[in-house]
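Colleague: Quick note on numbering that gives the first Met the number 0: the sequence shown kicks off at 0 and runs consecutively.
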Amino acid sequence: MTIPFIDLQAQRLRLAGKIEAAVQEAVVGGAWVMGPQVRQFEADLAAFGKAKHALGCANGTDALALPLMAWGIGRGDAVFVPSFTFAATAEVVPWFDAEPVFVDVDENTYNMDPAALERAIEGIKAEGRLTPRVVIAVDLFGQPADYPAIKAICDKYDLKLISDSAQGFGCTIDGAHPLKWADVTTTSFFPAKPLGCYGDGGAVLTNDDDLAQLMDSIRVHGKAVAVDLKDRTFDHDPKYLNMRIGLNSRLDTIQAAVLIEKLKVFGQEIEWRNAAAARYNEGLRAHVAKVPDVPAGNVSNWAQYTVEHPDRDALAAHLKDQGVPTAVYYPIPLHLQPAYEHFPRGAGGLPVTERLKDVVISLPMHSDLDAQTQDRIIAAVASFKA
């Protein structure tokens, strides 16, 4: 029998009664867009992420766009992003006629390499064509980027910092969430994410009061918010006073109801994922080129469990025959994709990224992954003869 790569149904069955009741309450309540459950979830999410503000939105891609719009990013601006990530990280940058600059990643964490970032910034400044404005660091596969080092670089060059935690929300460094260093943390609630809803959704977290107001305005068609109404008289619903160009990017009430229940158990699920990752590491270290060790003091949410193997494609075929699904993230890095290959690359190229694309392979990982199933997966990997 084939093993699920991500067993969403196991979690659904475990939480079924509570989620079904929450959804029914939201349906009966009738406030299906930006209803009271959205406000409750935003408060709960802010508390979990140690943030002053959490704003729900339509998806994780819009979550990245909101701060860029609020900061006025546009033509002639450079936004530094890793190439070894999902397209959404870079995709939002050309929306505003700015340019993504692709940065290499660290050999061990697969996250943005601070040294490569600084080389990229210096290269862009020396060229003089673009103005460095923002860094988007990605918490790839659930592991936090090196925020202390990246933040120091951002401060040195006066750049804004976004933590793209679409995969990594809940990860920490010495107990602190990425928002301790970032201006903004964004996340996605796509169903396959560790904290996923039953459709699409996203959120932005920040400690900046003024930025939170601007993003709140932008996510609802540029509506008037408190800062806009100061010393201004407007007798109608502020949503009909449009102060800026915005988006239609609201989190559905039903999805918020689902997420309220999932967030209650999310901390426990991260612990289960870490236990599963430890079992994998112990069983697989002798059978692959590299297992994903996490730096001391860091906690990953293990959105994916990814190893390296020199004969990756043959291993994947072998595991498929054994009923074990796998995935490759990412076989074509962004700087080699047709839509992005013309954008700038950091000085020195991206040799680590280009090596990883040929050797990484991800194994089944989710919060309900039991030891018996893992033993079967580990045995299947161990039985492979290159």
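Even for Gly, the Cβ is constructed at its ideal location relative to N, Cα and C.
Beta carbon of Asp138, beta carbon of Asn110: below 8 Å?
Modeller: Their beta carbons are under 8 Å apart, which means Asp138 touches Asn110 by this criterion.
Colleague: Looking at the structure shown, is Ile2 part of a helix, part of a strand, or coil, going by DSSP?
Modeller: In the structure shown, Ile2 sits in coil (DSSP, three-state: anything other than H, G, I, E or B).
Colleague: Where does the unbroken alpha helix (DSSP H) through Cys153 begin, and where does it stop?
Modeller: Counting along the chain, the alpha helix (DSSP H) containing Cys153 begins and ends at Tyr146 to Tyr156.
Colleague: His341: buried (16+ other C-beta within 10 angstroms of its C-beta) or exposed?
Modeller: Answer is exposed; the Cβ neighbour count stays below 16.
Colleague: Assign Met242 to one of three DSSP states: helix, strand, or coil.
Modeller: Here Met242 sits in coil by DSSP.
Colleague: Taking DSSP's pairing of strands, which residues face Cys56 in a bridge?
Modeller: Gly201.
Colleague: How about Met364 and Trp301: are their beta carbons less than 8 Å apart?
Modeller: A contact, by the Cβ cut-off of 8 Å.
Colleague: Given that a residue counts as buried once 16 or more other Cβ atoms are within 10 Å of its Cβ, and exposed if not, what is Ala338?
Modeller: Exposed is the call here.
Colleague: Does DSSP put Asn247 in a helix, a strand or coil?
Modeller: Asn247: strand per DSSP, three-state reduction.
Colleague: Is it the case that the Cβ atoms of Ala202 and Ala53 are separated by a distance below 8 Å?
Modeller: Yes.
Colleague: From which residue to which residue does the alpha helix (DSSP H) around Ala379 run?
Modeller: Element bounds for Ala379: Ala370 to Ala381.
Colleague: Which two residues bound the contiguous beta strand (DSSP E) that contains Arg132?
Modeller: Looking at the DSSP string, the run of the beta strand (DSSP E) that includes Arg132 is Thr130 to Val137.
Colleague: For Thr1, which residues in the same chain have their Cβ closer than 7 Å to its Cβ, ignoring the five residues on either side in sequence?
Modeller: Gly322 and Pro324.
Colleague: Tell me whether Asp208 is buried or exposed, calling it buried when 16 or more other Cβ atoms sit within 10 Å of its Cβ.
Modeller: Exposed is the call here.
Colleague: What are the complete alpha helix (DSSP H) segments, minimum 4 residues, inside the region 38-117?
Modeller: Those alpha helix (DSSP H) runs which fall completely within the region 38-117 and span 4+ residues are 59-69 and 87-94.
Colleague: Taking 8 Å as the cut-off, decide whether the C-beta atoms of Phe101 and Leu349 are in contact.
Modeller: Yes.
Colleague: For Gly48, which residues of its own chain have a beta-carbon under 7 Å away from its beta-carbon, when the five flanking residues on both sides are left out?
Modeller: Answer for Gly48: His176, Leu178, Thr184 and Leu204, listed in chain order.
Colleague: Nearest-angstrom Cα distance between Val351 and Gly266?
Modeller: One C-alpha to the other measures close to 32 Å.
Colleague: Are the Cβ atoms of Phe168 and Leu194 separated by less than 8 Å?
Modeller: Contact flag set, yes.
Colleague: Quick check: what's the CA-CA separation for Ala346 versus Ala326?
Modeller: Their backbone Cα atoms lie some 30 Å apart in a straight line.
Colleague: Does the distance from the C-beta atom of Ile149 to that of Leu160 stay below 8 Å?
Modeller: For Ile149 and Leu160, yes; Cβs fall inside 8 Å.
Colleague: Whole angstroms are fine: how far does the CA of Lys384 sit from the CA of Asp251?
Modeller: Asp251 and Lys384: Cα-Cα distance of roughly 49 Å.
Colleague: Spatial neighbours of Ala42 within its chain, please: CB distance less than 8 Å, with the 5 preceding and 5 following residues excluded, ordered by chain position.
Modeller: The answer, listed in chain order, is Ala53.
Colleague: I need the straight-line Cα distance from Asp145 to Cys196, nearest angstrom please.
Modeller: Approximately 28 Å, taken between the alpha carbons.
Colleague: For the candidate residues Val37, Ile152, His286 and Leu7, whose alpha-carbon lies nearest to that of Ile253?
Modeller: When only C-alpha atoms are compared, the closest one is Val37.
Colleague: Answer yes or no: do Leu318 and Val359 have a C-beta to C-beta separation smaller than 8 Å?
Modeller: No.
Colleague: Any idea what DSSP makes of Asn206, helix, strand or coil?
Modeller: Coil.
Colleague: Quick check on the DSSP output: the beta strand (DSSP E) that includes Asp163 runs from which residue to which?
Modeller: Its beta strand (DSSP E) spans residues Lys159 to Asp163.
Colleague: In the DSSP assignment, find the beta strand (DSSP E) that holds Ile360 and state where it starts and stops.
Modeller: Taken as a continuous stretch (DSSP letters only), the beta strand (DSSP E) holding Ile360 covers Val359 to Leu362.
Colleague: Below 8 Å on the Cβ atoms is my contact criterion, and I expect Leu63 with Phe95 to pass it. Report the Cβ-Cβ distance as a whole number of Å.
Modeller: Rounded, the Cβ-Cβ distance is 11 Å, inconsistent with contact.
Colleague: Just the C-alpha distance for Gly73 and Ala97, rounded to the nearest angstrom, thanks.
Modeller: Gly73 and Ala97: Cα-Cα distance of roughly 5 Å.
Colleague: To which residues does DSSP link Ile172 through a beta bridge?
Modeller: Beta-bridge pairing links Ile172 to Ala175 and Asn297.
Colleague: Find the nearest neighbour of Glu217 within the set Leu240, Asn247 and Pro190, judged by alpha-carbon distance.
Modeller: The question names Glu, yet the displayed sequence has Ile at residue 217. For the residues Leu240, Asn247 and Pro190, the minimum Cα distance to Ile217 belongs to Asn247.
Colleague: Measuring straight from C-alpha to C-alpha, what distance separates Thr186 and Asp163?
Modeller: Straight-line Cα distance between these residues: approximately 6 Å.
Colleague: Measuring straight from C-alpha to C-alpha, what distance separates Ser366 and Arg11?
Modeller: Whole-angstrom Cα-Cα distance: 11 Å.
Colleague: Below 8 Å between beta carbons: does that hold for Leu258 and Phe188?
Modeller: Cβ atoms of Leu258 and Phe188: closer than 8 Å.
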